[in-house]
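Visitor: Numbering (mature numbering (1 follows the signal peptide of the UniProt record, and there is no 0)), first residue to last: -21 to -1, 1 to 234.
We put the beta carbon where it would ideally sit given N, CA and C, even for glycine.
#1: Going by DSSP in three states, residue 210 sits in which element: helix, strand or coil?
#2: Under DSSP, the beta strand (DSSP E) around residue 75 begins and ends at which residues?
#3: Tell me the rounded alpha-carbon separation between residue 192 and residue 216.
#4: Three-state secondary structure (DSSP) at residue 2?
#5: Kindly provide the ranges of any beta strand (DSSP E) runs that are 3 or more residues long and lie completely inside the region 175 to 201, ordered along the chain.
#6: Is the region 163 to 174 in contact with the region 133 to 150, if contact means three or more CB pairs nearer than 8 Å?
#7: Apart from the five residues on each side of it in sequence, which residues of its chain come closer than 7 Å, Cβ to Cβ, to residue 119?
#8: Please report the residue range of the beta strand (DSSP E) in which residue 38 lies.
#9: Under three-state DSSP, which class holds residue 43?
#10: Identify the continuous beta strand (DSSP E) that holds residue 165 and give its terminal residues.
#11: What do you get for residue 30, buried or exposed, if any count of 16 or more other CB atoms within 10 angstroms of its CB means buried?
#12: Figure out for me which residue from 194, 180, 212, 161 has the closest Cα to the Cα of residue 188.
#13: Taking residue 235 as the reference, give the member of 138, 182, 219 with the closest Cα.
#14: Look at residue 20 and residue 80 and say whether their C-beta atoms are less than 9 Å apart.
#15: If residue 35 and residue 52 are in contact, beta carbons under 8 Å, what's the gap, nearest whole angstrom?
#16: Pick out whichever of 142, 54, 92 has its Cα sitting closest to the Cα of residue 125.
#17: How close, in whole Å, do the beta carbons of residue 98 and residue 109 come, if the pair is a contact with beta carbons under 8 Å?
#18: Could you tell me the boundaries of the beta strand (DSSP E) in which residue 99 lies?
#19: Alpha carbon to alpha carbon, how far is residue 184 from residue 202?
#20: Mapping the DSSP letters down to three states, classify residue 205 as helix, strand or coil.
#21: On the three-state DSSP scale, how would you describe residue 116?
#22: Note down the Cα distance separating residue 116 from residue 94, rounded to an integer number of angstroms.
#23: Measuring straight from C-alpha to C-alpha, what distance separates residue 105 and residue 143?
#24: If you run the structure through DSSP and keep just helix, strand and coil, what is residue 7?
#25: Check this for me: beta carbons of residue 9 and residue 196, under 9 Å apart or not?
#26: Residue 41 and residue 78 - do their beta-carbons sit closer together than 9 Å?
Set out below in structure tokens:
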């Protein structure tokens, strides 16, 4: 009888973990973050392959073109059913900058991040919420560092219209060296066909003593299985005369 009881408990725990894994979703790609929590005893690894950004601006009447490549990564693990620990790294980066026929190349490592995400139980099957506290530690090499640490409090609210359509709003409130910034990311995700889904989001950013910044992101996600995702995304900033584009490929695993 004791052996049967032990087998029953093991089976129940396996079903519980599988159920949590089925409800789990990755946070990449995009600027918004989801409301799901990594199951306890599991690790989510979200990796860019890499991400690329292009900037074109004018300095003294001449164009400066800069291309940056970054292999950023994020690790998430569940501490409880509603709380997860996040460890991020902006990764190795490479930059090519061309101005008046001269190209300058640099490479180095970016900053590290540490955060905690807490799911908030709203007692609603369709509405979910999470709060994220994150610190970006300026440990990277020049010019791939923020120079001063950035402390961010984020909130995310998602509404599930149906199995194939979700809308959400992510908000970030950041402080860096006494300068306050706010970022709003309304977003929508949708199922396209089978294991293929997509997302669209609008990004608004305002920092003290700086002008408003706007951007849009679009991407696709393909679920190889319940624990592996491939993704691709593109984006553009809409800030005055400068041209800013970004694109990236990524892969994510749940171990």
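Guide: Short version:
#1: strand
#2: 71 to 78
#3: 8 Å
#4: helix
#5: 175 to 186
#6: yes
#7: 69, 87, 88, 89, 90
#8: 22 to 38
#9: strand
#10: 158 to 172
#11: buried
#12: 161
#13: As shown, the chain starts at -21 and ends at 234. That puts residue 235 outside it, with no answer to give.
#14: no
#15: Contact flag wrong, Cβ pair sits at about 28 Å.
#16: 92
#17: 5 Å
#18: 91 to 99
#19: 31 Å
#20: coil
#21: strand
#22: 11 Å
#23: 12 Å
#24: coil
#25: yes
#26: yes
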